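Chemist: Using the numbering used here, the first residue of the sequence shown is number 77, and each one after it goes up by one. One structure is given below, represented as structure tokens, and several questions about it will come after.
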Amino acid sequence: MRTTVTLDADVEQRLREAMHIQGKGFKETLNDALRRGLGATGPTSDGPPFKVESRPLRLRTGLDPAHLRELDDDLEIAEFLRKSARLDEHRQ
């Protein structure tokens, strides 16, 4: 198959280095690189697929799980301000 490909500058440089090191031409070096790259996209493990099972949160009525991160942020800010105020008191 004939096609036109526009290579990024860093890819072109690496391809030229590989051509020089391997003593091969552009077509052969590019095909080898593509074969290696495309072959590397397969599964990386022979083990069973990783699964995550969900469980109910059983939150109290009125707690919105979507806002728990916001609550955590507010608590972290409050703690930071409390510590900053204590440091300011010690400096005076």
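Glycine included, each C-beta is placed from N, C-alpha and C at the ideal position. For clarity, every value in this text was computed on a predicted model and none was experimentally measured.
Under 8 Å by Cβ, that's how I've got T105 and A116 pegged, so tell me the actual separation to the nearest angstrom.
Modeler: The Cβ separation is near 17 Å, so there is no contact.
Chemist: Just to confirm before moving on: does the CB-CB distance between L91 and A109 stay below 8 Å?
Modeler: Yes, the Cβ-Cβ distance between L91 and A109 is below 8 Å.
Chemist: Less than 6 Å between C-beta atoms, sequence neighbours within five positions excluded: which residues of the same chain meet that for D86?
Modeler: There are no such residues.
Chemist: From T80 to Q89, what does the alpha carbon distance come to, in whole angstroms?
Modeler: Near 18 Å, if we compare the C-alpha coordinates of Q89 and T80.
Chemist: Can you list the alpha helix (DSSP H) stretches of 4 or more residues lying completely in the stretch 108-167, in chain order?
Modeler: Listed in chain order, the complete alpha helix (DSSP H) runs (minimum 4 residues) inside the stretch 108-167 are 144-167.
Chemist: Would you verify that the beta carbon of L110 is, or is not, closer than 8 Å to some beta carbon of chain B?
Modeler: Of the protein chains in the structure, only one exists, and it is not chain B.
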